[in-house]
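Down below is the structure, laid out as structure tokens.
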Amino acid sequence: MALGAAGLLAASATWAAAGAPLPRCSASAASFYLMQYTEATAPSTAPTTTLSRAAVPATGAVTLNPVWSGQTAPTPSPRDLSRNAGATVAGGMANDGYIYAMRAVGTQEPGWDLQGGLWTSEWRTHTRHYEMLRYGRDGVDNLGIVDGLGIYLTSTAAGGTSVTGAIDARLGPNFNAADVDPVTGVLYLASFQTGGALNRVFRIDITQSPPKYLSTLDLSSAIPGTQSGDFAIDAAGEWAYGVANTSFTGQSYRFNLATGVVQSLGSTFFSLPFGGAARLLNDPSKFAFYGFGTRVMTAPAGTLGNTQATSSADSADAASCLPKFIATLQCTPTDLVDADGQVANCTVALNQPAPAGGVAVALTPAPASPRYSTTCGSSVTVAAGATSAACTVTATPNTVPGDGDVTATVQLSTPDPSADYELGTPTAALVTVRNDDLPSVSLSCAPDSLFDSPGQTATCTLTANAPAPAGGLTVGLVPPTANPRYTTTCGDALTLAAGATTATCTVTAVPNTVPADGDVPAVVSLATPAAGAGYQLGAPTQATVLVRNDDAAPPVAQVVCTPDSLVDAAGQVATCTVSLSEPAPAGGVNIVLAPPASNPRYTTSCASPLLVAAGATTASCLITATANTVPGDGDVSAVLGLLPGSGYTVGPAAQATVTVRDDDRTPHPVPTLGGWSLLLLALGLGWAARRRA
């Protein structure tokens, strides 16, 4: 029958004197617990037990490490004068980490409480042999009389109640052999000595309070020899191994826990039985037997090794040491991102439920970092009955791109040698907090204005707010529209090299000397990133480079002649002035003229080209009337025109006309008498004619 861990833990909560469970042993160590019984020498004094942890080397003396010595356990029997006996010669290690043992009555202990009567009747109430002790790290508890184990009377008075049991051990001897089945948790108890029951073993439920007798295992035969010391149960819970003796011969034997079959094994020569027997952890086939030294039995043959020196005692008992818990550590998930709700649960696990008081497992916490917080401190406690405890590593949310990845290493520290656990695998976990914030990219061009002259280049810079990852980062562009006024290296994309934060392209003005060809913009933009591009758009996302015209418009040439009318007399001169809208540049401006047509009525100095000197805005020439006295020669026009040329344009006043007028009159002759006569005659005739009419 298997006994649950919950029962063990519930019962242990009230056992204060024993303290915490006994220290555990490394699974690789040949260790066991040794209870060395010391008989009292003074009258009316109880025996004592010294509890030690024994380490058995391959050869040589056994080392004892005391846990405590001479602890007492008040007896709950109201009729027992010995109130503080805590000695045993029969016990075993339970799965809760405590040794459960039957009380041993010493030769110097006080007798029974006669209650006014004689010993011949008072022995009937004796219960000391039925009391169960419990050994822990701090001392001993007396759990009271094992319910149903032994026969006794509650009172010697007439009509006293008789308590039934599986055996009557009131007159002795002490129970001297016991062990706990590691599989079921049941204590197997026997009195394998002269005067005892050599063919019976009693099953005790030690999880009850008080402990409870379960059943009797009847052996197929009495153990070999006249008596035996302790026995030890194998790890499978199938066989109990012991050594019986007859005279000077020791006989190894075993009995089956299920059937009671007894088998004799090998024999050896020695004088006294072994008081203690315990299973060793490091090898399931090895058992330590203690008498005046320690010998290791090998199962199933039952052969005994050489004696290894061990400090002696009046009597003894032994119990197996529970293996240390195996502690491991795992964190899941092991990858976090620096966003809300990103938590790794780190679990410290034991290979079996923790005992009363729990198990504190030492940790080496992760170094402090602003990128995460952790509840994994210097230790974590696995609560009683539990197999694990957890702590956490929580990523600190942020939106900082390019802050990289950090690792939080949580690991189990090397335990103190006295700790009840040892390390398994894995013992460390790496939780990586990864950056999940996309870098932002922006674009700018400098300078943002160029002229259409040689060497005019703007550099457009793509900037990321975090270094590009391994392999670089390619960012999509919308390049400037093609235009003859500029060239560009800004194509469809720019790539930031691994670790870089910038990349560049250029816009270069195409030099020209064409005036008035205006200004043109070259616009470079960041393209909208596709899903999974690995970046996001920052600001600004667009830059404009303006290519300006730096070629000045040529001056406008116009002509005017003043005065615009002359007469053909002496001193008649018209000044024709060619004017520019801007001062002439270095070297001046040659104005192409269409001079007046040749004519004898005037002369002119207006010849082509006419130079407007550097810095000047005007140049002049003359049209001079030719003086004459010829009447009736009429008026003539001298037309001066401006023709297109280099370095100027012709304005609206591209022509000027100077008119040379005739100022000479024709002379009129004086009339003669004959003429006057004729005139008068004509007038008279005309008048006469009108009268007749």
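Mature numbering (1 follows the signal peptide of the UniProt record, and there is no 0) puts the sequence shown at residues -16 to -1, 1 to 677.
We put the beta carbon where it would ideally sit given N, CA and C, even for glycine.
Member of the options whose CA lies at the smallest distance from the CA of residue i
i	options	result
Lys308	Asn533, Met116, Asn467 and Ala11	Ala11
Leu564	Ala637, Arg585, Ala297 and Pro615	Ala637
Gln20	Gly631, Thr445 and Asp301	Asp301
Pro194	Gly502, Ala14, Met116 and Asn266	Met116
Ala570	Glu406, Ala220 and Ala597	Ala597
Leu457	Thr445, Leu478 and Pro438	Leu478
Val462	Cys474, Arg279 and Asp387	Cys474
Asp80	Arg87, Pro7, Pro58 and Leu18	Pro7
Ser15	Ala442, Pro539, Pro615 and Val46	Val46
Asp436	Gly460, Val459, Tyr470 and Thr447	Tyr470
Gly535	Thr359, Leu288, Val498 and Thr72	According to the sequence provided, residue 535 is Asp. The question's Gly does not apply to it. Comparing Cα positions, the closest option is Val498.
Gln542	Gly209, Arg184, Thr348 and Tyr632	Tyr632
Tyr84	Pro5, Arg108, Gln92 and Ser236	Pro5
Asn126	Arg108, Ala242, Thr91 and Pro58	Pro58
Leu35	Asn49, Thr43, Ala13 and Ala346	Asn49
Ser299	Asp646, Pro615 and Leu18	Leu18
Asp324	Ser296, Tyr356, Gly342 and Cys330	Tyr356
Thr138	Ala150, Thr109 and Gly132	Thr109
Gly635	Pro538, Thr488 and Gly555	Pro538
Glu222	Asn240, Ser372 and Pro208	Asn240
Glu93	Arg112, Ala403, Gly522 and Asp476	Arg112
Thr488	Val544, Cys429 and Ala373	Cys429
Gly75	Thr145, Val164, Gln55 and Thr282	Val164
Thr610	Asp319, Val623 and Pro584	Pro584
Ala578	Tyr586, Ala622, Met281 and Val73	Ala622
Beta-carbon spacing of residue i, residue j below 8 Å
i	j	result
Pro593	Ile607	no
Asp322	Val425	no
Lys196	Val130	yes
Ala224	Ala216	yes
Val620	Asp548	no
Gly388	Asn419	yes
Val390	Cys315	no
Thr490	Ala442	yes
Ala228	Gln247	no
Thr312	Thr445	no
Ala71	Pro27	no
Val185	Ala174	yes
Pro423	Asn382	no
Gly259	Tyr237	no
Ala452	Leu480	yes
Val377	Ala350	yes
Ala161	Leu133	no
Asp432	Thr492	no
Thr561	Thr602	yes
Val508	Leu434	no
residue 757	Phe271	Only positions -16 to 677 of the chain appear in this structure, which leaves residue 757 out of reach.
Asn467	Asp503	no
Leu396	Cys9	no
Distance between beta carbons of residue j and residue i, contact taken as under 8 Å
i	j	result
Pro317	Ala328	6 Å
Gly213	Ala261	7 Å
Gly123	Ala220	Not a contact, Cβ separation roughly 32 Å.
Gly625	Leu595	Not really, about 17 Å apart at Cβ, beyond 8 Å.
Thr278	Val40	6 Å
Leu306	Met77	6 Å
Thr365	Val343	7 Å
Gly599	Ala568	6 Å
Sheet register partners of residue i (DSSP bridge)
i	result
Trp223	Asn240
Glu115	Ile129
Phe232	Partner(s): none; Phe232 has no beta bridge.
Ile607	Ala558 and Thr588
Ala412	Gln395
Ile83	Met77 and Tyr119
Asn574	Leu595
Trp52	Leu35
Phe215	Gly226
Ala430	Thr443
Chain B within 8 Å of residue i, Cβ atoms only
i	result
Tyr237	No chain B appears in the structure shown, which is made up of a single protein chain.
Problem set entry | Ordered list of alpha helix (DSSP H) runs contained in the segment 250 to 320, each at least 4 residues | none
Exercise. Fully enclosed by the segment 118 to 165, which beta strand (DSSP E) runs are 3 residues long or longer?
Worked result: 124 to 129 and 161 to 164
For this session: Please list the segments of the beta strand (DSSP E) lying wholly inside the segment 5 to 45, counting only runs of 3 or more residues, in order along the chain.
Result: 15 to 22 and 32 to 39
For this session: Entirely within the segment 473 to 544 and at least 4 residues each: give me those alpha helix (DSSP H) ranges in chain order.
Result: none
For this session: Can you check the segment 347 to 405 for any beta strand (DSSP E) of at least 3 residues that lies completely inside it and give the ranges in chain order?
Result: 356 to 358, 363 to 366, 372 to 379 and 390 to 396
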